[in-house]
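So the working numbering is basically just the index in the sequence shown, starting at one, shifted up by 825.
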Amino acid sequence: MIGIMMSSYALTPRERQVCAEVLTGRSTSEIADVLHLSAYTVQDYLKSIFAKVGVRSRNELASRLRGL
């Protein structure tokens, strides 16, 4: 279900990975470590994801992707 929600927003594969990590509750620095990115790159991905999904926060993103 969450995968379907992510695909409906035309997220890139890397943006989907970042979303999956956000849904686990990881912080920006934890996501950066897991995906071997800088924290700044993760923040850039989050800005792009928020714009595509139409949300302003991680909580809104999680709710939207979970269909709540």
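Note that CB positions come from ideal geometry on N, CA and C, so glycine has one too.
Look at the stretch 831-857 and you find these whole runs of alpha helix (DSSP H), each 4 residues long or longer: 838-848.
Taking 9 Å as the cut-off, the beta carbon of VAL843 is found closer than this to the beta carbon of TYR870. Per DSSP, the unbroken alpha helix (DSSP H) holding ARG883 starts and ends at 883-890. Excluding sequence positions up to five before and after VAL867, its CB lies within less than 6 Å of the CB of THR853, ILE856, ALA857, all in the same chain and listed in chain order. Here VAL878 carries a helix assignment [DSSP, helix/strand/coil].
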